[in-house]
Every structure is written in structure tokens, then in C-alpha cells.
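If you're matching positions, the sequence shown starts at 3 in full-length UniProt numbering and goes up one per residue.
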Amino acid sequence: ETAGKVIKCRAAVAWAEKEPFSIEEVEVAPPKAHEVRIKMVATGVCHSDISFLNGLLPSAAKFPTILGHEGAGIVESVGEGVENFKEGDHVIPLYMPQCFQCPGCRHPKSNQCLKLFPQQMQGLMQDGTTRFTCKGQSLHHSMGISTFSEYTVVNDVSLVKINEEAPLEKVCLIGCAIATGYGAALNTAKVEPGSRCAIWGLGGIGLAAVMGCRAAGASKIYGIDINPDKFETARKFGCTDVLNPKDFEGKKFADVLTQMTGGGFDYTFECIGNVNTMLDAVESTNRFYGVTVLVGIAGHEKKMDLSPLLIVSGRTLKGSFFGGWRSVESVPMLVDEYMSGKIMVDEFITHKLKLDDINQSLELMKDGKCVRCVIHY
Ligand code: APR
Ligand code: ZN
Ligand code: ZN
């Protein structure tokens, strides 16, 4: 019986920017009011984890910290006042919470909850403290959920119960990549049947966007990546065409695409986080009605060099966060869609690793050797 006690367990600690993770014994305090302590079963490693480790988005990682935002686990204990969860529940932690009460949750067009701001951006729980310590030092939380630890503590609005039959070491990917890409196509772009679409970046997020375009009935889905090793998988997910921009050096890639499509795409998705490919994605849409959705996360100091003339002719440039899903309502539904065979999940997983090998997952991702690595606790 661990409820009410400090738990000692292992976690991947990010002590400082740009340093590899170090596997440490950490202490995880019991959950306070409206908090839940979770035994993690598995977590995916997302490109954003590399970006946050590199200091690209300071609000997502205040060092020292425990990163990770694509996990699934089982409730170990709950704090005072927690009504929706009990020990043993199967859950997915949510970096975008849903409290149902704040202005963000109540606005029909928003999927962004404001309840935990600004503490979540500071790597703190609502009372301004943290539940993690290591070697006498407190560690920050990250994105409110810190899944790179055997146990974590989250606010009860940052969590949702899912179908108990669902394999946690698979559906953890619904916590970020799958929801993000799939929803960008279905909720943000609202791709229509017969549309011609293009996706930049064929990692976990991009492939999920491909899956969304296919589900929406797109007639053409171009997958664009500088790593041709991604193309075979991309076709399995539904790409009708695959292109490597490096094969068109000396030409302006957006012009090549506009020509290929006889006037530009209906929908383009940038799933890399690179301001240059964002511009290509805009420029290669149809100038009168093309829609571009930005999904990838660029560094906080980056700027897009965008001519307003590109937009004024009729294009739309949109952004999508967590696929536009309202997390508590949608994540269990996506899990059920996987269970009924409507969405792919297993196909994203190329590597299973132990927590000890988490640094290897960063290397695999940097080298383009994986789609998703899943850490099994
Ligand atoms: N042009 C085309 N493809 C590129 C380019 C480029 N200039 N640079 C990188 N890529 C490709 C990589 O080869 C890789 O296949 O983009 C893909 C990115 O995939 P992952 O590294 O697996 O990243 P993923 O986890 O899918 O995240 C993508 O979404 O959440 C954000 O922070 C995340 O910004 C990142 C993006
Ligand atoms: Zn992510
Ligand atoms: Zn809210």
C-alpha cells in the first residue's frame, strides 16, 4: 500500500538544457487536493521532447525537469476532492487539460483549457510547488504530466479514463502524435472528400495527419520528407505520392508542387516545425482557396518570412494544437476508434525500449531511424 506515502522510483531526469537524460532515483510525493498519482505503464518519445530538451520552448521545460507527454498508466492513488478517478483506473495523461469551466473550455471554437495556466508553464503544480525531488533538489513538472517517470502526479483535469481493454503500451501514442496529426486533418482543416492534400514531415505527427486525410476521403495525399526511408511506411498510412525535396534542388519546390497539382493543393500540413517548410506549405496551396495548417513546433524566437500577398489572394493559414480535440471528451473516443479498427496505432511503433535506453530513442529520432519509440516501464 503506497497511498499517502512518498514513492521512490526511477525517472529520466533532464538536469540541464541540451544534456542527455540521466536515469535517477526520484521521490514522488503523494497527490494533493485535486491531484492524481499514476503508475506509468508506457510512454512514447515525441520530437517535441528533443526540442524541449534543446530549450526550444522554455515554457515546456524549466530545468531540472522530467519531460515526456505521450504516456498511459494506471491510477495508484488520488488526492482529496478527486471524484472522477480511483485506484486501478486506466488513464491517459493530458498535456492539454479540459476543465469544462474556464473561458477556453466554454468557448465552442476552442480546445484549449486555461485552468492550469500559468503554473503549468512554470513547471509547477497549482499550489506553486512540485511533487518530484531528486538528491535533495526539487524537479519541475513538464506540460503538466511528466511521463518519463515510473510514477507521476497530475492535476485531475489533466487526465482521462480509457477503455480497460486497450493496451496501454500502444494507446499511449494517442496522448500526443496520433491525436495531434489526425485531428489537424479532421478538426482543423476539415478536409473534404476528393481533396488534394500534402503533409510535410512523415514522423509520428505527419503520419497521423496522413491517416486523417485518408479518413476524410482525400483523393491525393502527398507525403514530403527529406528522408526517403519514411516513404514505404507513408504509403501504408495512405500517401498516394511521396516526394523528397532534395530531388528538386535548383528549383523552387513550391513551384514544382503547384505545377504538379495544376494550381496547388487544397490542404497542406506542416508537421516538422521548420519555418522554411511552413512557407513551402503555404506557397504550394491553391492561391484562391488553399488552406495550410501549422502543426510542427518552431523555436520561440523563429519568424516566418511570409508575404501577405500570398494570403490576400484567398489562402488561409491556420494552426492546430492537440489536433483541435477537447481532450477529456475525445481521447477515450480515439482509444475506442483504435479498438474497433478505425484508426491505426500499432503501425506507428517501430521500437520498444526500456527507460534505461531513453537516450537511444533521441538518437534514433534524430537519425530518422524510427517513427515512434515506446518506453515500456
Ligand atoms: N523537409 C522535409 N522533411 C523534413 C525536413 C525538411 N526540411 N526536416 C525534417 N524532416 C522530416 C524528418 O525526416 C522526419 O521524418 O520530418 C520528420 C519529423 O518527424 P519526427 O522527428 O518523428 O517528429 P514528430 O514527433 O512527428 O514531430 C514533428 O511536431 O509536435 C511537433 O515538436 C514536434 O515540431 C515537431 C513536429
Ligand atoms: Zn508531442
Ligand atoms: Zn478549462
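Glycine residues also receive a C-beta, built at the ideal position from the N, C-alpha and C atoms.
Legend entry - 9 Å Cβ cutoff met for C241 and I274: Taking the sequence shown and counting its residues from 1, the one referred to as residue 241 is at position 239. Taking the sequence shown and counting its residues from 1, the one referred to as residue 274 is at position 272. Not closer than 9 Å, so no.
Inset, instruction - Check whether the Cβ of C48 sits closer than 8 Å to any heavy atom of ligand 2, and report yes or no. - result: Translated into the one-based positions of the sequence shown, residue 48 becomes position 46. It does: the Cβ of C48 is within 8 Å (strictly closer) of some heavy atom of ligand 2.
Inset, instruction - May I ask which residues mark the beginning and end of the beta strand (DSSP E) holding G321? - result: For the purposes of this step, residue 321 is taken as the residue at position 319 of the sequence shown. 318 to 321 is the extent of the beta strand (DSSP E) around G321.
Inset, instruction - Just the C-alpha distance for Y364 and C136, rounded to the nearest angstrom, thanks. - result: By 1-based counting over the sequence shown, the position of residue 364 is 362. By 1-based counting over the sequence shown, the position of residue 136 is 134. Going by the sequence as given, residue 364 is Leu instead of Tyr. In a straight line, the C-alpha of L364 is about 23 Å away from that of C136.
Inset, instruction - Examine the Cβ distances between the segment 188 to 196 and the segment 158 to 173 and report whether three or more of them are shorter than 8 Å. - result: no
Legend entry - Element boundaries [alpha helix (DSSP H), containing Q139]: What you label residue 139 is simply residue 137 of the sequence shown in a count that begins at 1. Taken as a continuous stretch (DSSP letters only), Q139 belongs to no alpha helix (DSSP H), being part of the beta strand (DSSP E) at 139 to 141.
Legend entry - Complete runs of the beta strand (DSSP E) confined to the segment 10 to 59 [at least 3 residues]: 24 to 30, 37 to 46
Inset, instruction - Tell me L355's beta-bridge partners as DSSP assigns them. - result: In the sequence shown, the residue the question calls residue 355 occupies position 353. Per DSSP, I377.
Legend entry - Spatial neighbours of R322 in its chain, beta-carbon cut-off 6 Å, leaving aside the 5 residues before and after: By one-based count along the sequence shown, residue 322 stands at place 320. Sequence check: residue 322 is Ser here, not Arg. Once the five neighbours on either side are set aside, the close Cβ partners of S322 are A186, T190, V295, V297.
Legend entry - Three-state secondary structure (DSSP) of K172: Taking the first residue of the sequence shown as 1, we reach residue 172 at position 170. Residue state, collapsed to three classes: helix.
Inset, instruction - Would you kindly work out how many angstroms separate the C-alpha atoms of M123 and G70, rounded to a whole number? - result: On the sequence shown, position 121 is the one that residue 123 refers to. On the sequence shown, position 68 is the one that residue 70 refers to. So the alpha carbons of these two residues sit roughly 15 Å apart.
Legend entry - Sequence ranges, alpha helix (DSSP H) only - wholly within the segment 187 to 262, length at least 4: 206 to 217, 233 to 239, 255 to 262
Inset, instruction - Since I believe I313 is in contact with L59 (beta carbons under 8 Å), could you give me their beta-carbon distance rounded to a whole number of angstroms? - result: The residue you call residue 59 lines up with position 57 of the sequence shown. The residue you call residue 313 lines up with position 311 of the sequence shown. With 8 Å as the limit, L59 and I313 do not qualify as a contact, their Cβ atoms being about 25 Å apart.
Legend entry - Test item: CB-CB of F255 and N288 under 9 Å: Within the sequence shown, residue 255 is the residue found at index 253, counting from 1. Within the sequence shown, residue 288 is the residue found at index 286, counting from 1. Not in contact: F255 and N288 (Cβ atoms no closer than 9 Å).
Inset, instruction - Using alpha carbons as the reference points, say which of L281, A13, M145 lies closest to D51. - result: Against the sequence shown, residue 51 aligns to sequence position 49. Of L281, A13, M145, the residue nearest in Cα terms is M145.
Inset, instruction - Could you check the C-alpha separation between G326 and Q114 for me, to the nearest Å? - result: Start at 1 with the first residue of the sequence shown, and residue 326 comes out as number 324. Start at 1 with the first residue of the sequence shown, and residue 114 comes out as number 112. C-alpha separation (whole angstroms): 8 Å.
Legend entry - C-alpha gap between K371 and L319, whole angstroms: Position 369 of the sequence shown, counted from the first residue, corresponds to residue 371. Position 317 of the sequence shown, counted from the first residue, corresponds to residue 319. Their Cα atoms are separated by approximately 31 Å.
Inset, instruction - In angstroms with no decimal places, state the Cα-to-Cα distance between E251 and L161. - result: Counting from one through the sequence shown, the residue named residue 251 turns up at place 249. Counting from one through the sequence shown, the residue named residue 161 turns up at place 159. So the two alpha carbons sit approximately 46 Å from each other.
Legend entry - Environment of V8 [buried if 16+ CB atoms lie within 10 Å]: Here the question's residue 8 lines up with position 6 in the sequence shown. Exposed: under 16 other Cβ atoms inside 10 Å.
Legend entry - Distance cut-off 8 Å: F102 Cβ against heavy atoms of ligand 3: As a working note, residue 102 is residue 100 in the sequence shown. Yes; taking the cut-off as 8 Å, the Cβ of F102 has a heavy atom of ligand 3 nearer than that.
Legend entry - For K163, the residue or residues it bridges with in DSSP: As a first step, residue 163 must be located in the sequence shown, where it is residue number 161. BP columns for K163 point to V93.
Legend entry - Cβ pair T149, G73 closer than 9 Å: Taking the first residue of the sequence shown as position 1, residue 149 is located at position 147. Taking the first residue of the sequence shown as position 1, residue 73 is located at position 71. Yes.
Inset, instruction - Spatial neighbours of S112 within its chain, please: CB distance less than 6 Å, with the 5 preceding and 5 following residues excluded, ordered by chain position. - result: Start at 1 with the first residue of the sequence shown, and residue 112 comes out as number 110. Here the set comprises G106.
Legend entry - Per-residue burial, F102 [other beta carbons within 10 Å of its own, 16 or more giving buried]: Locating residue 102 in the sequence shown gives position 100, counting from the first residue. By the neighbour-count rule (16 or more Cβ atoms within 10 Å), F102 is not buried but exposed.
Legend entry - Among P32, T45, A18, W17, nearest to G177 - alpha-carbon criterion: One-based indexing of the sequence shown puts residue 177 at position 175. Checked all of P32, T45, A18, W17; the closest Cα to G177 is T45.
Inset, instruction - Please classify Y291: does DSSP put it in a helix, a strand, or coil? - result: Looking up residue 291 in the sequence shown gives position 289. Here Y291 sits in coil by DSSP.
Legend entry - From E78, C104, Y340, residue whose alpha carbon lies closest to that of I180: Here residue 180 refers to the residue found at position 178 of the sequence shown. Ranking the options by Cα distance to I180, first place goes to Y340.
Inset, instruction - May I ask whether a heavy atom of ligand 1 can be found less than 8 Å away from the beta carbon of W202? - result: For the purposes of this step, residue 202 is identified with residue 200 of the sequence shown, where counting begins at 1. Yes - ligand 1 has a heavy atom lying nearer than 8 Å to the Cβ of W202.
Legend entry - Opening and closing residue of the alpha helix (DSSP H) in which T132 lies: Mapped onto the sequence shown, residue 132 falls at position 130. It is not in any alpha helix (DSSP H) - T132 carries neither H nor E in the DSSP assignment.
Inset, instruction - If I'm right that V330 touches L96 with Cβ under 8 Å, what's the distance once you round it to whole angstroms? - result: In the sequence shown, counting from the first residue as 1, residue 330 sits at position 328. In the sequence shown, counting from the first residue as 1, residue 96 sits at position 94. The pair is a contact, with the Cβ atoms about 7 Å apart (cut-off 8 Å).
Legend entry - Classification of A13 by the beta-carbon crowding that lies within 10 angstroms, buried from 16 upward: Position 11 of the sequence shown, counted from the start, is the residue given in the question as residue 13. The residue is buried, with at least 16 neighbouring Cβ atoms inside 10 Å.
Inset, instruction - Tell me where the alpha helix (DSSP H) around S363 begins and ends. - result: Locating residue 363 in the sequence shown gives position 361, counting from the first residue. Unbroken alpha helix (DSSP H) run through S363: 360 to 368.
Inset, instruction - Report the rounded CA-to-CA distance for E3 versus K117, giving the unit in angstroms. - result: Indexing the sequence shown from 1 puts residue 3 at position 1. Indexing the sequence shown from 1 puts residue 117 at position 115. If I take the Cα positions, the gap works out to 32 Å.
Inset, instruction - Can you tell me which of the three DSSP states I313 falls into? - result: Along the sequence shown, one-based indexing puts residue 313 at 311. Helix at I313.
Legend entry - Heavy atom of ligand 2 within 8 Å of A63 beta-carbon: Working through the sequence shown from its first residue, we reach residue 63 at position 61. Not under cutoff, so the answer is no.
Inset, instruction - Tell me whether M367 counts as near ligand 1, meaning its Cβ is closer than 8 Å to at least one heavy atom of that ligand. - result: Counting from one through the sequence shown, the residue named residue 367 turns up at place 365. Yes, the beta carbon of M367 sits closer than 8 Å to at least one heavy atom of ligand 1.
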